[in-house]
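Just below is one structure, and these are the notes that go with it.
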Amino acid sequence: MFGLTRCAVCGVDELLPFRCRYCGRNFCSQHRLPENHGCDAVALPSPAEIRSRESKVLKSEPKVVRRRSAWTSSEALHLAVASAAVCLAGIGFTGGFLSFQLMSWMLLLGFVASFVGHELAHKLTAVRKGLWARFRIFPAGLLATIITAVLPVPFKVIMPGAVEIYGRQSLRDYGQIALAGPLFNIVLCLLLFITGRVTSLGVLHAVASVNAFLAFFNLLPIPPLDGEKVFSSSKVVWAVLFAASIAVLLVLQL
Numbered sequence: 000m001f002g003l004t005r006c007a008v009c010g011v012d013e014l015l016p017f018r019c020r021y022c023g024r025n026f027c028s029q030h031r032l033p034e035n036h037g038c039d040a041v042a043l044p045s046p047a048e049i050r051s052r053e054s055k056v057l058k059s060e061p062k063v064v065r066r067r068s069a070w071t072s073s074e075a076l077h078l079a080v081a082s083a084a085v086c087l088a089g090i091g092f093t094g095g096f097l098s099f100q101l102m103s104w105m106l107l108l109g110f111v112a113s114f115v116g117h118e119l120a121h122k123l124t125a126v127r128k129g130l131w132a133r134f135r136i137f138p139a140g141l142l143a144t145i146i147t148a149v150l151p152v153p154f155k156v157i158m159p160g161a162v163e164i165y166g167r168q169s170l171r172d173y174g175q176i177a178l179a180g181p182l183f184n185i186v187l188c189l190l191l192f193i194t195g196r197v198t199s200l201g202v203l204h205a206v207a208s209v210n211a212f213l214a215f216f217n218l219l220p221i222p223p224l225d226g227e228k229v230f231s232s233s234k235v236v237w238a239v240l241f242a243a244s245i246a247v248l249l250v251l252q253l
């Protein structure tokens, strides 16, 4: 004797019932379709679909997202060459190799660090805003830096390179990236000035003076200096920062 199975809707006994693949209940031929028995599990995946999805998840490999590095070997080379040129200019300021003493080397190190820090401030600010930035040598500026460094001229040109910014940027971003360099020099100048007063190290006062001059010079509203970019972005911000650079210069003379 074969067992009969009752339809979950109408109660009719069925010898060969239809089992719903979604809810798992048994039905007659009239109520076998999900829409005919009001199946409340029709929106859920079937066990077979679940097994299939799990298999795909286990077999799939995680995606590897490659982000462009913030630094490249060519950029490091450009920055090293530019730093060497700045170092050469610094030697000219301090009287040449023959007169070098410990303090002269410390002053030279601070001179180069001030230049590198200025450029890195531009780069890091741009990177934080999601832009691509890299330091590149400016051939004409590099040549002028080297020539004025080795020749006995009363002035030195220090513009071996600059940070190039790639990507869409607002006028505000444009100004903030530009002011990052001079702002770095002003902050470093104040820190060195205070530390120099406390420790009575004259070399710190000398490096502070270098940073004060770098900030003042770069804030001049003349293309392609940072001051022109800050001025075009916000005249108020430029005026405040430029006044601060002048004030720092005056304080260092006291």
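Each residue of the sequence shown is one higher than the one before, starting from 0 at the first, in numbering that gives the first Met the number 0. Here a beta-carbon is modelled for each residue, glycine too, at the ideal position from N, C-alpha and C.
If you run the structure through DSSP and keep just helix, strand and coil, what is P61? Walking along the sequence shown from the start, residue 61 turns up at place 62. In this prediction, P61 has a pLDDT of 46, which is less than 50 and means its spatial position is unreliable; what the coordinates show is noted afterwards. Here P61 sits in coil by DSSP.
Flag this pair as touching only if the region 117 to 128 and the region 170 to 178 have three or more C-beta atom pairs under 8 angstroms; answer yes or no. Three or more Cβ pairs closer than 8 angstroms define a contact, and the region 117 to 128 meets that threshold against the region 170 to 178.
Considering Cα atoms alone, identify which of V250, H30, D39 is closest to I185. Stepping through the sequence shown from its first residue, residue 185 is reached at position 186. For I185, the closest of V250, H30, D39 by C-alpha to C-alpha distance is V250.
If distances are taken between C-alpha atoms only, which option among H36, R20, A7, I146 comes closest to I90? Numbered from 1 along the sequence shown, position 91 holds the residue referred to as residue 90. Here the closest residue by C-alpha is I146.
Within its chain, find whatever has a CB closer than 6 angstroms to the CB of V11; leave out the 5 residues flanking it on each side and keep chain order. On the sequence shown, position 12 is the one that residue 11 refers to. Contacts found: C27.
Ends of the alpha helix (DSSP H) at V202? Position 203 of the sequence shown, counting from 1, holds the residue named residue 202. Element bounds for V202: 201 to 217.
Evaluate W237 with the Cβ neighbour count: other Cβ atoms within 10 Å of its Cβ, from every protein chain shown; 16 or more gives buried, anything less gives exposed. Counting from one through the sequence shown, the residue named residue 237 turns up at place 238. Residue burial is scored here from C-beta neighbours: W237 has at least 16 other C-beta atoms within 10 angstroms and is therefore classed as buried.
Taking the runs of the alpha helix (DSSP H) that are 4 residues or longer, which of them lie wholly in the region 83 to 151? Counting only runs of 4 or more, we get 101 to 127, 138 to 149.
Measuring CB to CB, does F215 end up less than 8 angstroms from G116? Taking the sequence shown and counting its residues from 1, the one referred to as residue 215 is at position 216. Taking the sequence shown and counting its residues from 1, the one referred to as residue 116 is at position 117. 8 angstroms or more divides the Cβ of F215 from the Cβ of G116.
Could you pull out every residue in the same chain whose Cβ sits closer than 6 angstroms to the Cβ of S232, ignoring the five residues on either side in sequence? Sequence index remark: in the sequence shown, residue 232 carries index 233 (1-based). If we look at S232 and ignore the five residues flanking it on each side, its Cβ neighbours are L170, Y173, G174.
Status (buried if at least 16 other CB within 10 Å, exposed otherwise) for S72: On the sequence shown, residue 72 is found 73 positions in, with the first residue counted as 1. Under this definition S72 is an exposed residue.
Chain-order list of residues whose beta-carbon lies under 6 angstroms from that of F110 (same chain, five-residue window excluded): Locating residue 110 in the sequence shown gives position 111, counting from the first residue. Taken in chain order, the residues that qualify are G89, V209.
How big is the Cα-Cα spacing for R24 and H30? For the purposes of this step, residue 24 is taken as residue 25 along the sequence shown, with counting starting at 1. For the purposes of this step, residue 30 is taken as residue 31 along the sequence shown, with counting starting at 1. Just so you know, the alpha carbons of R24 and H30 end up roughly 11 angstroms apart.
Name the DSSP beta bridge partners of R18, please? Position 19 of the sequence shown, counted from the start, is the residue given in the question as residue 18. Under DSSP, R18 forms a beta bridge with N25.
Can you tell me whether D172 is helix, strand or coil according to DSSP? Mapped onto the sequence shown, residue 172 falls at position 173. DSSP places D172 in helix when its eight states are reduced to three.
Roughly how many angstroms separate the alpha carbons of F17 and L32, rounded to a whole number? Locating residue 17 in the sequence shown gives position 18, where the first residue counts as 1. Locating residue 32 in the sequence shown gives position 33, where the first residue counts as 1. Cα to Cα, the separation comes out at about 9 angstroms.
Excluding the five sequence neighbours on either side, which residues of its own chain have a C-beta within less than 7 angstroms of the C-beta of E227, listed in chain order? The residue given as residue 227 occupies position 228 in the sequence shown. Around E227: P220, I221.
Grab me the residues of P159's own chain with a C-beta within less than 7 angstroms of its C-beta, minus the 5 sequence neighbours each way, in chain order. Position 160 of the sequence shown holds residue 159. For P159, where only same-chain residues beyond five positions count, the Cβ hits under 7 angstroms are A81, A84, V85, I136, F137, G140, L141, T144.
What does D12 pair with, by DSSP beta-bridge criteria? The residue given as residue 12 occupies position 13 in the sequence shown. D12 has R5 as its beta-bridge partners, per DSSP.
Pairwise C-alpha distance: A211 and Q252: As a working note, residue 252 is residue 253 in the sequence shown. As a working note, residue 211 is residue 212 in the sequence shown. If you take the alpha carbons of Q252 and A211, they lie about 11 angstroms apart.
Quick one: give me the first and last residue of the beta strand (DSSP E) that V156 is part of. The count along the sequence shown starts at 1 and reaches residue 156 at position 157. First-last for V156: undefined, no H or E at that position.
Just curious, the alpha helix (DSSP H) that S233 is in, first and last residue? On the sequence shown, residue 233 is found 234 positions in, with the first residue counted as 1. For S233, there is no enclosing alpha helix (DSSP H), as DSSP gives it neither H nor E.
Assuming contact is defined by CB atoms lying nearer than 8 angstroms, are S244 and L218 in contact in what I supplied? Here the question's residue 244 lines up with position 245 in the sequence shown. Here the question's residue 218 lines up with position 219 in the sequence shown. Going by C-beta atoms, S244 is nearer than 8 angstroms to L218.
Whole angstroms are fine: how far does the CA of V239 sit from the CA of C188? Within the sequence shown, residue 188 is the residue found at index 189, counting from 1. Within the sequence shown, residue 239 is the residue found at index 240, counting from 1. In a straight line, the C-alpha of C188 is about 17 angstroms away from that of V239.
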